[in-house]
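A.B. asks:
Number of protein chains: 2
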Amino acid sequence: MNWKQLFPQFEPELIELIEKEAVQRSFNAGDIIMRTGQYIKSTALVLEGQIKIYRENQDGGEFLMYYLGPGQACAVSMICAIQSHTSEIMAKAEEDTEVLMIPVQLMDDMMNKYKSWYQFVIQTYRSRFDELLSVVDNIAFRNMDERLEFYLKRYTDKTGKKNIELSHQQIADDLNSSREVISRLLKKMEQRNMVKLHRNMIELL
Amino acid sequence: MNWKQLFPQFEPELIELIEKEAVQRSFNAGDIIMRTGQYIKSTALVLEGQIKIYRENQDGGEFLMYYLGPGQACAVSMICAIQSHTSEIMAKAEEDTEVLMIPVQLMDDMMNKYKSWYQFVIQTYRSRFDELLSVVDNIAFRNMDERLEFYLKRYTDKTGKKNIELSHQQIADDLNSSREVISRLLKKMEQRNMVKLHRNMIELL
DNA sequence: CTCACAATGTGACAGAAATCACAACCGTAT
DNA sequence: ATACGGTTGTGATTTCTGTCACATTGTGAG
Chain A
4 MNWKQLFPQF
14 EPELIELIEK
24 EAVQRSFNAG
34 DIIMRTGQYI
44 KSTALVLEGQ
54 IKIYRENQDG
64 GEFLMYYLGP
74 GQACAVSMIC
84 AIQSHTSEIM
94 AKAEEDTEVL
104 MIPVQLMDDM
114 MNKYKSWYQF
124 VIQTYRSRFD
134 ELLSVVDNIA
144 FRNMDERLEF
154 YLKRYTDKTG
164 KKNIELSHQQ
174 IADDLNSSRE
184 VISRLLKKME
194 QRNMVKLHRN
204 MIELL
Chain B
4 MNWKQLFPQF
14 EPELIELIEK
24 EAVQRSFNAG
34 DIIMRTGQYI
44 KSTALVLEGQ
54 IKIYRENQDG
64 GEFLMYYLGP
74 GQACAVSMIC
84 AIQSHTSEIM
94 AKAEEDTEVL
104 MIPVQLMDDM
114 MNKYKSWYQF
124 VIQTYRSRFD
134 ELLSVVDNIA
144 FRNMDERLEF
154 YLKRYTDKTG
164 KKNIELSHQQ
174 IADDLNSSRE
184 VISRLLKKME
194 QRNMVKLHRN
204 MIELL
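Next up, the structure:
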């Protein structure tokens, strides 16, 4: 996998350093990559696949925050790594996923030496923060129907596909809602010609 | 105001630089410090008072995210400043407030030269991110009664006072709820001896 | 083909919260 | 003292969402 294309902004020496020190790891769809309370010893750059970042509460309820795709990095792992705190979130591989693990010890050095890395880290913070902001917006101000629309839109934006291959139950989990509610709202959306429903698949129109 | 005590971790040279280049500004209680869509040309360090960071939606609904007190800095302004993006949030002075404005141009340099500044920035990101996470937790998983308890607790933690001098309407605004709901929930809390209600003041027991 | 199981549809009901309507209350400026 | 405005209390009603119960449908294994 030629990962360099994903990070064209990195300087040659930085690429060399990463090539030498980072470890590539694979995860299968469904694998838990990081769990709440776990210590973090490296930052992950996503090369391939999709990682789902979500919050879990005591009763097993889940709540999707955002996805990480190729070319992106986990802001939480960066912050935690630098400060050696435990993670407060869960990360699960949505698809088969390849990541590049950069050991914590290198982070400080890289921040100092490589402008492009520094920029990348700032950029990562910024976009994750923004995504969290829009998540807050949605649950604070919007009803489930609008949140569902936003969810579907984000999903197609992320995957590029118009067909969303998820069961109603999976969607309900991500939105911390219940299957029946999602089914009903989807039906309404179908009546308004916004989607077409199939088994295990929703077609966005 | 001897601001250096608030930032004991800063190196002497960094303090000198800030002293030379930063501008101190005062805001009165109620002043809007930053509004959605506004360009940001400096990062603010809070010296005195409290700043409320919140989100606003189209219909004028507000939603409190967190407070910034003395010794803290606005993560959003840092990120925006570095990338010269517009802000996505509102900042309002809760009390009369003193802040130190550090011009954007200095940021890059400070990040490179002063380890303590770099640490401070990372620390700031981390704590704001964590606060946003707990905000998401609250609205995603908790009902209004629990959110209200959290809100009151946070308020007393922040101000140090056991007496919360807010009207029910103000609380409702911060939680994006309605006055009647808050009044009723507070009554219930009073019956459970968790608070004592007065006019414009709530006593936490 | 048929059985089993997962996914989906649907009605009935419960609870939380928003909204409306209005009463009561407190403080203060005149 | 009174009148006014902001604050708080409370009932009635509605909407949204979650929950329970159960029917229906599609799909793949045997």
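As you go down the protein sequences, you meet chains A and B in turn.
Residues in the first sequence are numbered consecutively from 4, following my numbering.
Residues in the second sequence are numbered consecutively from 4, following my numbering.
Glycine included, every Cβ here is placed at the ideal spot set by N, Cα and C.
Since the structure is predicted, the reported quantities are computational estimates derived from the model, not experimental observations.
By how many angstroms is the C-alpha of aspartate 34(B) removed from the C-alpha of aspartate 140(A)?
C.D. replies: Walking along the first sequence from the start, residue 140(A) turns up at place 137. Walking along the second sequence from the start, residue 34(B) turns up at place 31. Cα to Cα, aspartate 140(A) sits roughly 23 Å from aspartate 34(B).
A.B. asks: If the cut-off is 8 Å on Cβ atoms, which residues from the segment 110 to 142 of chain A count as contacting chain B, listed in chain order?
C.D. replies: The residues in question are Met114, Asn115, Tyr121, Ile125, Gln126, Tyr128, Arg129, Arg131, Phe132, Asp133, Leu135, Leu136, Val138, Val139, Asp140 and Ile142.
A.B. asks: What does histidine 171(B) pair with, by DSSP beta-bridge criteria?
C.D. replies: Position 168 of the second sequence, counted from the start, is the residue given in the question as residue 171(B). None; histidine 171(B) has no bridge partner.
A.B. asks: Can you list, in chain order, the stretches of the alpha helix (DSSP H) that have 4 or more residues and sit fully within the segment 74 to 106 of chain B?
C.D. replies: Listed in chain order, they are 78 to 86.
A.B. asks: So, is histidine 171(B) buried or exposed, given that buried needs 16 or more other C-beta atoms within 10 angstroms?
C.D. replies: For the purposes of this step, residue 171(B) is taken as the residue at position 168 of the second sequence. Buried is the call here.
A.B. asks: Apart from the five residues on each side of it in sequence, which residues of its chain come closer than 7 Å, Cβ to Cβ, to leucine 188(A)?
C.D. replies: Residue 188(A) sits at position 185 when you count from the first residue of the first sequence. Same-chain partners within the cutoff: Met147, Asp148 and Leu151.
A.B. asks: I believe leucine 109(A) touches glutamate 24(A) by the beta-carbon criterion, under 8 Å. Please report the beta-carbon distance rounded to the nearest angstrom.
C.D. replies: Residue numbering aside, residue 109(A) sits at position 106 when the first sequence is read from its first letter. Residue numbering aside, residue 24(A) sits at position 21 when the first sequence is read from its first letter. About 6 Å; that satisfies the 8 Å criterion.
A.B. asks: Looking at C-beta atoms only, is the number of pairs between the segment 54 to 71 of chain A and the segment 117 to 124 of chain A that lie closer than 8 Å three or more?
C.D. replies: Judged by Cβ distances under 8 Å, the segment 54 to 71 of chain A makes no contact with the segment 117 to 124 of chain A, as fewer than three pairs qualify.
A.B. asks: Does the segment 101 to 108 of chain A come close enough to the segment 39 to 55 of chain A that 3 or more CB-CB pairs lie under 8 Å?
C.D. replies: Cβ pair count under 8 Å is three or more, so yes.
A.B. asks: Could you check whether the segment 194 to 206 of chain A touches the segment 91 to 100 of chain B, counting it as contact only if at least three pairs of C-beta atoms, one from each stretch, sit closer than 8 Å?
C.D. replies: Output reads no: the segment 91 to 100 of chain B does not touch the segment 194 to 206 of chain A.
A.B. asks: What's the C-alpha gap between glycine 52(A) and phenylalanine 30(A)?
C.D. replies: The count along the first sequence starts at 1 and reaches residue 52(A) at position 49. The count along the first sequence starts at 1 and reaches residue 30(A) at position 27. Between glycine 52(A) and phenylalanine 30(A), the C-alpha separation is close to 9 Å.
A.B. asks: Please determine, among Tyr158(A), Thr39(A) and Lys55(A), the residue with the shortest C-alpha to C-alpha distance to alanine 32(A).
C.D. replies: Numbered from its first residue, the first sequence carries residue 32(A) at position 29. When each option's Cα is compared against that of alanine 32(A), the closest is Lys55(A).
A.B. asks: Check the Cβ-Cβ distances between glycine 64(B) and every residue of chain A, and say whether any is below 7 Å.
C.D. replies: Within the second sequence, residue 64(B) is the residue found at index 61, counting from 1. Chain A contact via Cβ: present.
A.B. asks: Going straight from the alpha carbon of lysine 156(B) to that of arginine 145(B), what length do you get?
C.D. replies: Numbered from its first residue, the second sequence carries residue 156(B) at position 153. Numbered from its first residue, the second sequence carries residue 145(B) at position 142. Rounded to whole angstroms, lysine 156(B) to arginine 145(B) spans 15 Å at the Cα level.
A.B. asks: So, does the CB of asparagine 60(B) fall closer than 7 Å to a CB anywhere in chain A?
C.D. replies: Here residue 60(B) is taken as the residue at index 57 of the second sequence, counted from 1. By this cut-off, asparagine 60(B) is an interface position.
A.B. asks: Measure the C-alpha to C-alpha separation of methionine 113(A) and phenylalanine 13(A) and round it to an integer number of angstroms.
C.D. replies: Walking along the first sequence from the start, residue 113(A) turns up at place 110. Walking along the first sequence from the start, residue 13(A) turns up at place 10. Rounded to whole angstroms, methionine 113(A) to phenylalanine 13(A) spans 11 Å at the Cα level.
A.B. asks: In or out: threonine 100(A) buried (at least 16 other Cβ within 10 Å) or exposed?
C.D. replies: Sequence index remark: in the first sequence, residue 100(A) carries index 97 (1-based). Threonine 100(A) is buried by the Cβ-count criterion.
A.B. asks: Which residues bound the beta strand (DSSP E) around serine 29(B)?
C.D. replies: Translated into positions along the second sequence, residue 29(B) becomes position 26. Looking at the DSSP string, the run of the beta strand (DSSP E) that includes serine 29(B) is 26 to 30.
A.B. asks: Is there at least one Cβ from chain A nearer than 7 Å to glutamate 91(B)'s Cβ?
C.D. replies: Within the second sequence, the letter at position 88 stands for residue 91(B). Output row for glutamate 91(B): interface = yes.
A.B. asks: Residues of the segment 171 to 182 of chain B in Cβ contact with chain A at a cutoff of 8 Å, in chain order, please.
C.D. replies: Those residues of the segment 171 to 182 of chain B that come within reach of chain A (Cβ to Cβ, closer than 8 Å) are Asn179.
A.B. asks: Could you tell me whether the Cβ atoms of tyrosine 70(A) and lysine 7(A) are closer together than 7 Å?
C.D. replies: The residue given as residue 70(A) occupies position 67 in the first sequence. The residue given as residue 7(A) occupies position 4 in the first sequence. Not a contact, by the Cβ cut-off of 7 Å.
A.B. asks: Beta-carbon separation of lysine 165(A) and leucine 207(A) under 7 Å?
C.D. replies: Walking along the first sequence from the start, residue 165(A) turns up at place 162. Walking along the first sequence from the start, residue 207(A) turns up at place 204. Contact flag set, yes.
A.B. asks: Out of Arg182(B), Asn115(B) and Ile174(B), which one is the CA nearest neighbour of methionine 68(B)?
C.D. replies: In the second sequence, counting from the first residue as 1, residue 68(B) sits at position 65. Of the candidates Arg182(B), Asn115(B) and Ile174(B), the one whose C-alpha sits nearest the C-alpha of methionine 68(B) is Ile174(B).
A.B. asks: Which value, in whole angstroms, describes the spacing of the CA atoms of isoleucine 82(A) and arginine 202(B)?
C.D. replies: On the first sequence, position 79 is the one that residue 82(A) refers to. On the second sequence, position 199 is the one that residue 202(B) refers to. Near 43 Å, if we compare the C-alpha coordinates of arginine 202(B) and isoleucine 82(A).
A.B. asks: Return helix, strand or coil for arginine 58(A), following the three-state DSSP convention.
C.D. replies: The residue you call residue 58(A) lines up with position 55 of the first sequence. In this structure, arginine 58(A) counts as strand in the three-state DSSP scheme.
A.B. asks: Run the CB neighbour count on threonine 127(A), radius 10 Å, all protein chains shown included, and call it buried at 16 or more, exposed below.
C.D. replies: Here residue 127(A) is taken as the residue at index 124 of the first sequence, counted from 1. It is buried - the Cβ of threonine 127(A) has at least 16 other Cβ atoms within 10 Å.
A.B. asks: To the nearest angstrom, how far is the alpha carbon of methionine 204(A) from that of leucine 20(A)?
C.D. replies: Counting from 1 along the first sequence, the entry for residue 204(A) is found at position 201. Counting from 1 along the first sequence, the entry for residue 20(A) is found at position 17. Those two C-alpha atoms are separated by around 43 Å.
A.B. asks: If you measure from the CB of glycine 40(A), is any heavy atom of the ligand COA nearer than 6 Å?
C.D. replies: Absent from the structure shown: the ligand COA. Ligands present: none.
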